[in-house]
Amino acid sequence: MTPRQPRTAHSSSTDGESARIQERLQEDLVRVREALHSLLEPPHDRVREPVLYGVQNGGQLLRPTLVLLCSYLLDTGREGRTHRRVIEGAAVVEALHIATLHHDDVIDEAQIRRGRPSINAKYGTAIALLTGDYLLARCMQGAAALGRPHLLAMAETLSDLCVGQMLESSQLHDPLRSEADYFAAVSGKTASLLRTAASMGALQAKAGKGEREALESFGHNLGMAFQIWDDILDICSRETGKQPAKDILNGVYTLPVIYAVQDLGNRLVPTLRKQPITAEQCSEVVAVLHASGAIARAAKVAQRYTDDALHAVETHPATAPHAPVVRRCLSDLVGSFADRHPALRTLQNAA
Numbered sequence: 001m002t003p004r005q006p007r008t009a010h011s012s013s014t015d016g017e018s019a020r021i022q023e024r025l026q027e028d029l030v031r032v033r034e035a036l037h038s039l040l041e042p043p044h045d046r047v048r049e050p051v052l053y054g055v056q057n058g059g060q061l062l063r064p065t066l067v068l069l070c071s072y073l074l075d076t077g078r079e080g081r082t083h084r085r086v087i088e089g090a091a092v093v094e095a096l097h098i099a100t101l102h103h104d105d106v107i108d109e110a111q112i113r114r115g116r117p118s119i120n121a122k123y124g125t126a127i128a129l130l131t132g133d134y135l136l137a138r139c140m141q142g143a144a145a146l147g148r149p150h151l152l153a154m155a156e157t158l159s160d161l162c163v164g165q166m167l168e169s170s171q172l173h174d175p176l177r178s179e180a181d182y183f184a185a186v187s188g189k190t191a192s193l194l195r196t197a198a199s200m201g202a203l204q205a206k207a208g209k210g211e212r213e214a215l216e217s218f219g220h221n222l223g224m225a226f227q228i229w230d231d232i233l234d235i236c237s238r239e240t241g242k243q244p245a246k247d248i249l250n251g252v253y254t255l256p257v258i259y260a261v262q263d264l265g266n267r268l269v270p271t272l273r274k275q276p277i278t279a280e281q282c283s284e285v286v287a288v289l290h291a292s293g294a295i296a297r298a299a300k301v302a303q304r305y306t307d308d309a310l311h312a313v314e315t316h317p318a319t320a321p322h323a324p325v326v327r328r329c330l331s332d333l334v335g336s337f338a339d340r341h342p343a344l345r346t347l348q349n350a351a
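If you read the sequence shown in our numbering, its first letter stands for residue 1, the second for the next number, and so on.
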């Protein structure tokens with residue numbers, strides 16, 4: 001994030017408002033968790049455990065946080081209680097996210113998710129797939145209950161997610177994957193849901209077209225940044241709760257690999273074309289990524305996307321008055337994300 005400026009009376013005021021927003025955010029996230037459990041509660045006790053497994057193993061609730069923060073940006077009565085429909089919209093977005101994680105783990109044959117056995121490792125592939133489908137169905141039911149615009153938004157997002165994942169899967173083990181290929185896949189499989197989360201926060205406020213577009217740009221660019229960070233962490237960190245360099249082993253060549261191939265293709269392409277890559281070969285590829293500067297280069301791209309995200313809300317008249325508070329909240333969120341992953345924190349400081 002951008003360097004902090006010297007403290008002034010204005011920054012002290014921002015700090016006070018930020019503290020109030022953080023308190024409101026934490027209270028609202030408790031309500032989102034309750035709404036999520038209510039939305040996803042299965043009709044039979046026998047399937048309750050696998051259905052709620054992913055909910056109970058929830059992460060930072062990034063997407064619901066975006067729904068809430070964007071609703072706050074357009075909320076003139078900032079001391080009031082967040083409307084129930086905003087909370088339910090945030091729960092719908094998170095339900096779709098959890099469903100995609102279940103399907104991702106099946107596709108990747110992942111054994112670990114957030115430091116625990118993945119749902120397919122714990123309950124088997126069939127239950128993982130059916131649970132993911134159930135979550136998708138409940139997501140759409142929840143969106144339909146909120147109204148046609150919400151339902152259309154979630155349906156379009158699901159379509160984008162599937163296209164993005166198909167684009168990625170169509171280029172497995174392809175060392176000549178381009179930046180454009182990567183960005184197109186990430187735009188669909190990751191950024192589309194954060195874009196929708198941001199716009200969901202505006203729907204309840206009956207935001208105009210310009211306001212919606214500003215928030216959608218905020219969510220899209222933030223989603224691009226977070227996926228690049230996640231891809232860097234896959235390579236760098238052993239503190240993510242996942243197997244290190246799993247993407248490379250699966251033949252998913254992300255932005256750091258793409259940049260390294262541009263500079264050192266002769267060293268990397270023959271190895272990257274092999275199926276499967278051994279653990280030893282994977283370690284050699286990772287060493288080249290570090291030595292080439294490709295990881296730091298990818299981190300700078302993520303920083304540019306973050307800057308673009310903040311610019312979208314800081315320059316629109318409807319969102320600009322409260323943008324400094326959202327910047328502070330977002331900075332805290334990203335900071336906590338980086339603090340758990342020293343490799344990313346180091347790269348961010350250098351970027």
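A virtual CB, placed ideally from N, CA and C, is assigned to each residue, including glycine.
In the structure shown, I277 falls within a coil segment according to DSSP collapsed to helix, strand and coil. If you compare the alpha carbons of A180, L152 and L151 with that of G164, the shortest gap goes to A180. Just measuring C-alpha positions, the residue of L146, Q111, K274 and A225 sitting nearest H83 is L146. Rounded to whole angstroms, R297 and P256 show a C-alpha spacing of 7 Å.
Annotated three-state conformation of R113 is strand, per DSSP. DSSP, read as helix, strand or coil, puts L74 in coil.
The residue among A320, K274 and Q111 with its C-alpha nearest the C-alpha of H173 is K274. Exclusion of the five residues before and after A323 leaves V313 and E314 as the residues of its chain whose Cβ lies within less than 6 Å of its Cβ.
Distance from the Cα of S178 is smallest, within the candidate group G265, A198, Q111 and A302, for G265. Taking 8 Å as the cut-off, the beta carbon of A143 is found closer than this to the beta carbon of V92.
Judged by their CB atoms, V51 and P43 are not nearer to each other than the 8 Å cut-off.
A residue is called buried once 16 or more other Cβ atoms fall within 10 Å of its Cβ, and M166, having fewer, is exposed. P149 sits in a helix when the DSSP states are folded into three classes. Cβ contact annotation for R267 (same chain, cutoff 7 Å, sequence separation greater than five): V288, in chain order.
A distance below 7 Å between beta-carbons, with the five flanking residues on each side excluded, links A214 to the following residues of its chain, in chain order: A312, V313, H316 and T319. Burial is judged here by how many other beta carbons sit within 10 angstroms of a residue's own beta carbon; Q204 has at least 16 and is buried. In this structure, the CA atom of S38 is about 19 Å from the CA atom of Q60. The region 246-261 and the region 222-238 touch, with three or more beta-carbon pairs separated by less than 8 Å.
In the displayed model, H44 falls within coil according to three-state DSSP, outside both helix and strand. Ranked by Cα distance from L96, the options D160, V326 and V269 are led by D160. Selection D308, R113, D108 and L25 evaluated against H220 yields D308 as nearest (Cα-Cα).
When DSSP states are grouped into helix, strand and coil, L61 belongs to the coil group. By a beta-carbon distance limit of 8 Å, C329 contacts S18. Their separation comes to about 6 Å. In the three-state reduction of the DSSP assignment, Q22 falls in the helix class. Taking the Cβ atoms as the reference, L68 lies roughly 5 Å from D28, within the contact range of under 8 Å. The DSSP-derived three-state label of H173 is coil. In this structure, DSSP gives N250 a state outside helix and strand, which the three-state scheme calls coil. In this structure, Y259 and A294 form a Cβ contact; the two beta carbons are roughly 4 Å apart against a cut-off of 8 Å.
Under the 8 Å Cβ criterion, the region 147-155 does not count as touching the region 120-131, having fewer than three qualifying pairs.
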